[in-house]
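Here the sequence shown stands for residues 66 to 524, where the numbers follow my numbering. Ideal placement from N, C-alpha and C gives every residue a C-beta, glycine not left out. This report concerns only the one structure given below.
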Amino acid sequence: MAVNFSLKSTIKDGKSQIVVRVQSRKLQIDVKQGTNLYIEPNIWERRNNPSYMRQYRTNESVQRVLNTVDDLFMALTQKIDNGVVLDNQMVHDIIYKVSFQREIAQEKREEEERLAAEAYAKRMTFKKYVDQFYADAKAGIRLTEKNTVYTQGSLTSIKQAIDHLRAFEKKEKHTYDFDEIDMDFYRKYLSFLNDENYALNTVGKNINWLKTFMNSAQIEGYHSNVAFKNKMFKGARVEVDTIYLNHDDLEKIRAVDLSGKTPGYELARDIFMVGVWTAQRISDYNNIKPQDINTHVIKKVVEKDDPEHPGQKIEAIESKEVLVVTITQKKTGARVYIPCSTELRSIFEKYHYNIPRLSDQNVNDNMKKIAEWAGLDEPIKIDYIEGGKRQSEIKKKYELVHTHTARRTGATLMYLSGMDFYDIMKITGHATVQNLKKYIKADELEVLEKLVDKYDYFK
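And the structure:
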């Protein structure tokens, strides 16, 4: 058995091709093939001379040829030792595999890198996910935890959260992925939002949406990062110092003469007052339809004097008709039933129970002007957190009137009238007393008056 190498007699550019001959009498093998390896004859002849080859130790091409010859010898010898009957094709394949192992390895690496790049391009990233989250929510494909569609307000909030995240990534010159949303990211992002002087509630809303994105993506199997669930990774919120309107304020607003103004002002005032007497959000009180207003007959058993037996009582059924507004709240999905007050009924009658809709922004803008004309200009100190710092400023009351003031006013006036928290919750749709209390804006003096009127203890 023998694996021998020799040079072809022909010379190409000063080099000759190395030829291998594989022989085995036992296996009846005698194959001779060119290796496609070329070397200068004088180097080949002296390849076993250490002193001569010293000058070629750093010559990469020479070393590669000689190392490949050694590898070919080992590969072919191993096949014969294992009893493999080599033919021309098999020897050719072995030569190719060994001689071009670098190229083959490089091709393999490039193919693996190409496949990895394709897989990476196709995989779901955090950036892709939040964009898809918003698109699906906007299309009504993705629903809230309560299986309701996202309101326009929520969609706006999601879009703003994504825009702030993109601005942060632009500043960092880095696009974050699922596994990078950790406490280090949180601290950097929080610092960025504060540097932009966003209010605390805006910062908190951005962080909470970020946690929502991460939680949804984890549930859907796109990542296993749980760093965002750290109790320190949170979106803080503070109750903003907002106002409510007392009965005197409402009387002043009703008394404003709008006859010389555009019709939008009177409509805005009426819509706002519907919000006061229903204590709903603008998305609900600015969208009441005729079919939402119905008359209900309430029956109860009462005791009356018995006309046939003087001095005795009999039970009788008394019926009472009540006009009720039924609303399915867009934000929560809660269904609430609101008895109509005299004021609310008169507004409905004015528009034949079909109040035209006015854009939320127009209601907001017009009500600020009406409140100004009503003389609601008392100074009010507003405390808030902006850019991570506590700040305060003085504003006039009419500047603080907006569409949500109606809901807060309604809830507060119900409370001051002596209504129980749980009964108020049935109308406002709040899930907990704690959340409802955020809407109660009565000052200490008004609460004192309420206590004195309600309890004999103080009389």
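Proximity below 7 angstroms, CB of residue i to CB of residue j
i, j, result
"K369", "I379", "yes"
"K203", "L220", "yes"
"L423", "L332", "yes"
"V362", "S384", "yes"
"W342", "E261", "no"
"Y576", "N431", "With the chain covering 66 to 524 only, the question about residue 576 has no answer from this structure."
"K461", "D442", "yes"
"V96", "V156", "yes"
"H288", "F243", "yes"
"R525", "N69", "Only positions 66 to 524 of the chain appear in the structure, and residue 525 is not among them; the question remains open."
"K396", "T216", "yes"
"D425", "I347", "yes"
"V321", "I447", "no"
"V163", "L180", "no"
"E437", "Y463", "yes"
"T474", "L310", "yes"
Close beta carbons around residue i, own chain, < 7 angstroms, minus the five adjacent residues each side
i, result
"Y199", "I223, K224, I227"
"P404", "V387, V389"
"F250", "Y241"
"V214", "G205, L208"
"E105", "G79, K80"
"A67", "Q88"
Secondary structure of residue i, DSSP reduced to three states
i, result
"D260", "helix"
"N359", "strand"
"S116", "helix"
"I412", "helix"
"F233", "helix"
"I420", "coil"
"G218", "helix"
"Q345", "coil"
"Y309", "coil"
"Y522", "Only weak support is given to the placement of Y522: the predicted model assigns it a pLDDT of 42, under 50, and the value that follows is read from those uncertain coordinates. Y522 falls in the helix class under three-state DSSP."
"V195", "helix"
"N69", "strand"
"R188", "coil"
"L180", "helix"
"T477", "helix"
"G340", "helix"
Close-in-space but distant-in-sequence residues of the same chain around residue i (CB under 6 angstroms, 5 per side omitted)
i, result
"L510", "Confidence at L510 is low in this model, with a pLDDT of 47, below 50, so its placement is unreliable and the value that follows should be read with caution. There are no such residues."
"K276", "F293"
"Y103", "K80, Q82"
"I505", "T477, Y480"
"K73", "S81, Q82, V84"
"S60", "Any answer about residue 60 is impossible in this case: the structure gives the chain only from 66 up to 524."
"I160", "T100"
"V130", "L102, I104"
Residue span of the beta strand (DSSP E) that contains residue i, given as start and end
i, result
"R207", "Run containing R207: none; DSSP gives neither H nor E here."
"P404", "400-404"
"E110", "E110 -> not in any beta strand (DSSP E); alpha helix (DSSP H) instead, spanning 106-110."
"R86", "81-89"
8 angstroms contact criterion, which residue i and residue j should meet: CB distance rounded
i, j, result
"A471", "F337", "5 angstroms"
"L481", "M490", "Contact flag wrong, Cβ pair sits at about 16 angstroms."
"I308", "I445", "7 angstroms"
"A14", "G494", "Limits of the chain in this structure are 66 at one end and 524 at the other, which puts residue 14 out of reach."
"I392", "Q345", "6 angstroms"
For residue i, the first and last residue of its enclosing alpha helix (DSSP H)
i, result
"D152", "Per DSSP, D152 belongs to no alpha helix (DSSP H) and is neither H nor E."
"S281", "265-284"
"A436", "425-438"
"I246", "Neither: I246 is in no alpha helix (DSSP H) and is coded neither H nor E."
"I43", "Residue numbering for the chain in the displayed model covers 66 to 524; residue 43 lies beyond these limits and cannot be assessed."
Residues of its chain near residue i, where Cβ-Cβ distance is below 8 angstroms and the 5 sequence neighbours each way are ignored
i, result
"I246", "F191, L275, M279, N290, A292, F293"
"R122", "Q128"
Residue i CB to nearest heavy atom of the ligand FMN below 6 angstroms
i, result
"M118", "Absence of the ligand FMN from the depicted structure is noted, as is the absence of any ligand whatsoever, leaving it without description."
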